[in-house]
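Read top to bottom, the protein sequences are chains A and B.
For the record, in the first sequence the residue sitting at position 204 is 204 according to the UniProt record's numbering, with numbers rising by one throughout.
For the record, in the second sequence the residue sitting at position 283 is 283 according to the UniProt record's numbering, with numbers rising by one throughout.
Number of protein chains: 2
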Amino acid sequence: MEKTNIAIVGLGTVGTGVAKLLLDHGDRTSRHAGRTLWLKKAVVRDLAKHRDVDLPAGVATDSLEDVINDPEISVVAQLIGGLEPARSIMLRLLESGKDIVTANKALLAEHGPELFTRARELGRSIAFEASVAGGIPIIANVSQCLSANQIRSLEGILNGTSNFIVTQMDEKGAPYDVVVRKAQELGYAEADPTMDVDGTDAAQKLAILAHLAFGATVDWSDIPRMGIDGLDPDDLRYSRQLGYRIKLLALANLADDGLELSVAPTLVRIGTPLAEVRDAFNAIRVVGDAVGPVFYHGLGAGQMPTASAVVADLIDTAVGRTRLTFQTLEYFSIDNPPRAKLRDADTLVGRNYFRLSVANHPGTLASITSVLAKHKISIASVMQHEGENGSTHLDPVPLVIMTHEATEGAARAATQEIESLDSITGPVVRLRVKD
Amino acid sequence: MEKTNIAIVGLGTVGTGVAKLLLDHGDRTSRHAGRTLWLKKAVVRDLAKHRDVDLPAGVATDSLEDVINDPEISVVAQLIGGLEPARSIMLRLLESGKDIVTANKALLAEHGPELFTRARELGRSIAFEASVAGGIPIIANVSQCLSANQIRSLEGILNGTSNFIVTQMDEKGAPYDVVVRKAQELGYAEADPTMDVDGTDAAQKLAILAHLAFGATVDWSDIPRMGIDGLDPDDLRYSRQLGYRIKLLALANLADDGLELSVAPTLVRIGTPLAEVRDAFNAIRVVGDAVGPVFYHGLGAGQMPTASAVVADLIDTAVGRTRLTFQTLEYFSIDNPPRAKLRDADTLVGRNYFRLSVANHPGTLASITSVLAKHKISIASVMQHEGENGSTHLDPVPLVIMTHEATEGAARAATQEIESLDSITGPVVRLRVKD
């Protein structure tokens, strides 16, 4: 049986999982690849460190040169996170004739055009299934399995950390800070979870998916985004009473006048598949013009789900499938970037959830609803509870308003105007609603 | 740009959809394939018949020879249903050097080994994404995207017709016959829906998926199966009261002592993803040892979802991806068939739903529960309603019993014994329960 020599660069959590699959389950990779995938080298920073995988003698090395200078190694799983030295290492590997498999979505989001263009110049390929939604093979599904379609829309829960936090806040009624600490203890959140909870990670993944689905080159930092870091448990509770759950939803919609892209906490109706995605799971709903809606649900991250995606890419690359379309598909091209025309945010139409803190005196509701009426925003439902035990009728009370569809521009203008009313005692919370 | 000449054989519903995608959306197929997919011929039975697609002059022909004898045509979408002449036509196309894309699952289930072996001998390929769950790319997902995994289990709603019928019976409380007529009017059921409603179609699809997932060669007719054609609306109602919906579930489970395969109406807990699959949708839950659970949901059939799968296969075949693994994967081999060892049905363990029609006199429940106890089947819940208005206390009443886990052998033996009790006035309904 033919043999493809593989190297892993970076033996962290995912790298260790990849090594396990290659070493312990060579039979299945050979069966699916029709050839042996042979782990020849694994580049680590510290050779002395204990690892969860038994590498055969001679495999571990702390020198990248052992891979660069070995012409027998043709495919490299490059599993170093962050931008540098990951970028420089990937360029050197490409230049030494290696095909690359990577899970580094931040690197692709920042330097995709440079890296992919260089790979094409050198006749090499980069596979990146593991970069988005680890356990869901969404890259292959969007770019190959649904290739007969014009994708119309994509909606996804793409950040497992955020979804874990929101699920726990929702189900346990616990405040944000407490849940984040729990997520860190369980390994679902990093020591510094900023990129996960502020929407950056989801926006980077959405930029990659939008590129595959719409051929649009999008700078992730251009995507309007809001994280879950400011989420109040009260809003989760009121949403539930109204029949919704709040999810950090990444959304892409193709319209005649351009592409709508956003990442934001969104009210999703209970009982719909996206609303029922719990904890560290991810899910994506894709609508294609021929296939209709297709829904995917799986683990968003973790050692073995991500390793599963990396090894599938290693097989595809070793077999030669990746190479067949890498040149023609021109992913992340800098030569001829079909820049996405993002739709003017103000013209987007959607429903809104408002939570206001209002003084409890006559005329308050009338003044608020007048502002909404002036901006042509009609009200779907209103919920105002009595003050809590021990509060007086003079204490401010929460007022929740769900609107029918309105433009984003009107909703924003109304929010500003409402915030300036005398009877409003705090900032207005406004969230997107998706039916 | 390079060009691949395509032919369609059989311009029925799906064939027409494929022609539309190729003719109206050549831009997207070229973008994804890096080459033009050119529809050169479409073989029809009756040239005079009106069709929903405008074929360019010279494309339609009623002679298969126009395809066989045209060396420029390299890929053929063979979209004729049934076994013959579909089988002979496929063999002739392979022998004339064409790669094949097909949606004909019955043909693969019956003649897969012969056709695939012949294709390999001839250096040709057969792609068949459209043969299972039209709108869900489950073939590519199981055989490629999840190729790093040992699949542990597969559970699926694979027959859209049955699911439509069961959903309508459940939601409208309508009897089987009425719903079947409605399904026929809406085009969800054929004039003779036998193969769909008796479990044959789902078993054929399960045999194909089991082959891909477990490398097991299974004769679909060896799969224990029960259809929905005998389903009583009462059982749907009682199940719902107990927190379950009934779905025609195809199930494959890998255990140490062999493979469990079955197709049967099954109680699925409300709120779980499979229970919420409505109408003509399909869904599949796959568990891999690395990736964990992955859930897919999409349209099971229909013109454009199936055409989407066919065109994705045409692209993969034209690009050369299909060919790369077709020889090595040895799907449906007759030379060395790794025959599946099906587990002894009697040893399978599961929960059961029993509905009995019992005479309303003292000792009845005691005699039934004694039989269950004798067979070591413990009871999870019992539901006995009073007789309907107008019935006397002598009329038989329905008794529903949900059990804890028991072996199939014990459940079957207990069923026989209960049926022979004097107090039982009709056949015992027994259904599988899946938590």
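Idealized CB from N, CA, C, for every residue including glycine.
Bear in mind that the values here come from a model prediction, so they are computed numbers and not experimental data.
1. Among B:V429, B:V349, B:A301, B:A57, which has the Cα closest to the Cα of L136 of chain B?
2. When the distance is taken between beta carbons, is G350 of chain B closer than 8 Å to E405 of chain B?
3. Taking buried to mean at least 16 other C-beta atoms within 10 Å of its own C-beta, is T194 of chain A buried or exposed?
4. Alpha carbon to alpha carbon, how far is H50 of chain B from A414 of chain A? Give it in angstroms, no decimals.
5. At the level of alpha carbons, what is the spacing between N360 of chain A and D395 of chain A?
6. How is V397 of chain B classed by DSSP in three states: helix, strand or coil?
7. Identify the contact partners of H32 of chain B in chain A, using a Cβ-Cβ distance below 9 Å as the criterion.
8. So, using beta-carbon positions, are residue 437 of chain A and A318 of chain A closer together than 8 Å?
9. From the DSSP secondary-structure annotation, give me the bridge partner or partners of Q384 of chain B.
10. Check whether the segment 102-114 of chain B touches the segment 129-146 of chain B, counting contact only when three or more Cβ pairs, one atom from each stretch, lie closer than 8 Å.
11. Restricting to runs no shorter than 4 residues, where is the alpha helix (DSSP H) found entirely within the segment 325-370 of chain A?
12. Would you kindly work out how many angstroms separate the C-alpha atoms of L431 of chain B and T266 of chain B, rounded to a whole number?
13. Beta-carbon separation of E65 of chain B and K40 of chain B under 8 Å?
14. Using a threshold of 8 Å, state whether the C-beta atoms of I6 of chain B and L37 of chain B are closer than that.
15. Against chain A, does L299 of chain B count as a neighbour if the rule is that its beta carbon must be under 8 Å from one of theirs?
16. Mind listing the chain A neighbours of L21 of chain B? Cutoff is C-beta to C-beta under 7 Å, in chain order.
17. Below 6 Å CB to CB, which residues in the same chain sit around V371 of chain B once its five sequence neighbours on both sides are set aside?
18. Within 10 angstroms of the Cβ of K98 of chain B, are there 16 or more other Cβ atoms? Answer buried if so, exposed if not.
19. With respect to the beta strand (DSSP E) encompassing E155 of chain A, which residues constitute its N-terminal and C-terminal limits?
20. Can you find the residues in the same chain that come closer than 8 Å, C-beta to C-beta, to E408 of chain A, ignoring five residues on each side of it along the sequence?
21. Any Cβ of chain B within less than 8 Å of the Cβ of I315 of chain A?
22. Taking C-beta pairs closer than 8 Å, name the residues in chain B that residue 455 of chain A reaches, listed in chain order.
23. Which value, in whole angstroms, describes the spacing of the CA atoms of W220 of chain B and T328 of chain B?
24. On a Cα-Cα basis, can you pick out the residue from A:E129, A:T4, A:R355 that is closest to R237 of chain A?
25. Skipping 5 residues on each side, what residues in its chain have a beta carbon closer than 8 Å to that of D62 of chain B?
26. DSSP three-state call for S420 of chain B: helix, strand or coil?
27. What residues from chain A crowd round P160 of chain B, counting only those whose CB sits closer than 7 Å?
28. Could you please give the first and the last residue of the uninterrupted alpha helix (DSSP H) stretch that includes E121 of chain A?
29. What does the Cβ neighbour count give for E171 of chain B, buried or exposed, with the cut at 16 atoms within 10 Å?
30. Would you mind stating whether T167 of chain A and Y188 of chain A have Cβ atoms separated by less than 8 Å?
31. One question on the structure: do P293 of chain B and S262 of chain B come within less than 8 Å of each other, judged by their Cβ atoms?
32. Cutting at 6 Å between CB atoms, please list the residues of its own chain near F164 of chain B, excluding the five before and the five after it.
33. Measuring CB to CB, does I157 of chain A end up less than 8 Å from L91 of chain A?
34. Please confirm if the segment 144-158 of chain B is in contact with the segment 196-209 of chain B, defined as three or more CB-CB distances below 8 Å between the two stretches.
35. Can you find a CB in chain B that lies within less than 8 Å of the CB of I68 of chain A?
36. Return the first residue and the last residue of the alpha helix (DSSP H) that L211 of chain A is part of.
Based on what the coordinates show:
1. Position 136 of the second sequence, counting from 1, holds the residue named residue 136 of chain B. The identity of residue 136 of chain B in the sequence shown is Ile, whereas the question assumes Leu. For I136 of chain B, the nearest C-alpha among the options comes from B:A301.
2. Against the second sequence, residue 405 of chain B aligns to sequence position 405. Against the second sequence, residue 350 of chain B aligns to sequence position 350. Cβ distance < 8 Å, so E405 of chain B and G350 of chain B count as in contact.
3. Counting from one through the first sequence, the residue named residue 194 of chain A turns up at place 194. Counting of Cβ neighbours within 10 angstroms places T194 of chain A among the exposed residues, the total staying below 16.
4. For the purposes of this step, residue 414 of chain A is taken as residue 414 along the first sequence, with counting starting at 1. For the purposes of this step, residue 50 of chain B is taken as residue 50 along the second sequence, with counting starting at 1. In a straight line, the C-alpha of A414 of chain A is about 56 Å away from that of H50 of chain B.
5. Numbered from its first residue, the first sequence carries residue 360 of chain A at position 360. Numbered from its first residue, the first sequence carries residue 395 of chain A at position 395. So the two alpha carbons sit approximately 7 Å from each other.
6. Counting from 1 along the second sequence, the entry for residue 397 of chain B is found at position 397. It is a strand residue.
7. As a working mapping, residue 32 of chain B is identified with position 32 in the second sequence. Chain A residues near H32 of chain B: S143, Q144, S147, A148, T325, T328, L329.
8. Given a span of 1 to 435 for chain A in the structure shown, any question on residue 437 of chain A remains unanswerable.
9. Reading the second sequence from its first residue, position 384 is the one you call residue 384 of chain B. Bridge partners of Q384 of chain B: B:L399.
10. yes
11. none
12. The residue given as residue 431 of chain B occupies position 431 in the second sequence. The residue given as residue 266 of chain B occupies position 266 in the second sequence. Spanning the two alpha carbons is a distance of roughly 6 Å.
13. Taking the first residue of the second sequence as 1, we reach residue 65 of chain B at position 65. Taking the first residue of the second sequence as 1, we reach residue 40 of chain B at position 40. Judged by their CB atoms, E65 of chain B and K40 of chain B are not nearer to each other than the 8 Å cut-off.
14. Stepping through the second sequence from its first residue, residue 6 of chain B is reached at position 6. Stepping through the second sequence from its first residue, residue 37 of chain B is reached at position 37. Their beta carbons are under 8 Å apart, which means I6 of chain B touches L37 of chain B by this criterion.
15. Along the second sequence, read from residue 1 onward, the residue named residue 299 of chain B stands at position 299. Answer yes: the Cβ-Cβ gap between L299 of chain B and chain A drops below 8 Å somewhere.
16. If you number the second sequence from 1, residue 21 of chain B lands on position 21. What L21 of chain B touches in chain A: A148, A290.
17. In the second sequence, counting from the first residue as 1, residue 371 of chain B sits at position 371. A414, E417, I418.
18. Here residue 98 of chain B is taken as the residue at index 98 of the second sequence, counted from 1. With 16 or more other Cβ atoms within 10 Å, it is buried.
19. In the first sequence, residue 155 of chain A corresponds to position 155, counting from 1. Judged by DSSP secondary structure, E155 of chain A falls within the beta strand (DSSP E) whose first and last residues are 151-157.
20. As a first step, residue 408 of chain A is located in the first sequence; it is residue number 408 there, counting from the start. Apart from the 5 residues on each side of it in sequence, E408 of chain A sits with its Cβ closer than 8 Å to the Cβ of A345, D346, T347, L348, V349, G350 in its chain, given in chain order.
21. For the purposes of this step, residue 315 of chain A is taken as residue 315 along the first sequence, with counting starting at 1. True, the Cβ-Cβ gap to chain B drops below 8 Å.
22. This structure leaves residue 455 of chain A out entirely; chain A is present only between 1 and 435.
23. For the purposes of this step, residue 220 of chain B is taken as the residue at position 220 of the second sequence. For the purposes of this step, residue 328 of chain B is taken as the residue at position 328 of the second sequence. Rounded to whole angstroms, W220 of chain B to T328 of chain B spans 24 Å at the Cα level.
24. Residue mapping note: residue 237 of chain A aligns to position 237 of the first sequence, counting from 1. R237 of chain A has its Cα closest to that of A:R355, out of A:E129, A:T4, A:R355.
25. Taking the second sequence and counting its residues from 1, the one referred to as residue 62 of chain B is at position 62. Within the same chain, D62 of chain B has close Cβ partners V43, V44, R45, D46, L47.
26. Within the second sequence, the letter at position 420 stands for residue 420 of chain B. Three-state result, S420 of chain B: coil.
27. Translated into positions along the second sequence, residue 160 of chain B becomes position 160. Note that residue 160 of chain B is Gly in the sequence shown, not Pro. The premise fails here: G160 of chain B is roughly 12 Å from chain A at the closest Cβ pair, so nothing lies under 7 Å.
28. Within the first sequence, residue 121 of chain A is the residue found at index 121, counting from 1. Its alpha helix (DSSP H) spans residues 105-121.
29. Translated into the one-based positions of the second sequence, residue 171 of chain B becomes position 171. Under this definition E171 of chain B is an exposed residue.
30. In the first sequence, residue 167 of chain A corresponds to position 167, counting from 1. In the first sequence, residue 188 of chain A corresponds to position 188, counting from 1. No, Cβ-Cβ distance for T167 of chain A and Y188 of chain A is not below 8 Å.
31. Taking the second sequence and counting its residues from 1, one reaches residue 293 of chain B at position 293. Taking the second sequence and counting its residues from 1, one reaches residue 262 of chain B at position 262. No, they are not a contact pair.
32. The residue labelled residue 164 of chain B in the question sits at position 164 within the second sequence. Contacts found: A183, Y188, D279, A280.
33. Numbered from 1 along the first sequence, position 157 holds the residue referred to as residue 157 of chain A. Numbered from 1 along the first sequence, position 91 holds the residue referred to as residue 91 of chain A. No, the Cβ-Cβ distance between I157 of chain A and L91 of chain A is not below 8 Å.
34. Contact holds between the segment 144-158 of chain B and the segment 196-209 of chain B, because three or more Cβ pairs, one in each stretch, are under 8 Å apart.
35. By 1-based counting over the first sequence, the position of residue 68 of chain A is 68. It does not; no Cβ of chain B falls within 8 Å.
36. As a working mapping, residue 211 of chain A is identified with position 211 in the first sequence. Residue 211 of chain A is actually His in this sequence, not Leu. Note, H211 of chain A: alpha helix (DSSP H), 200-214.
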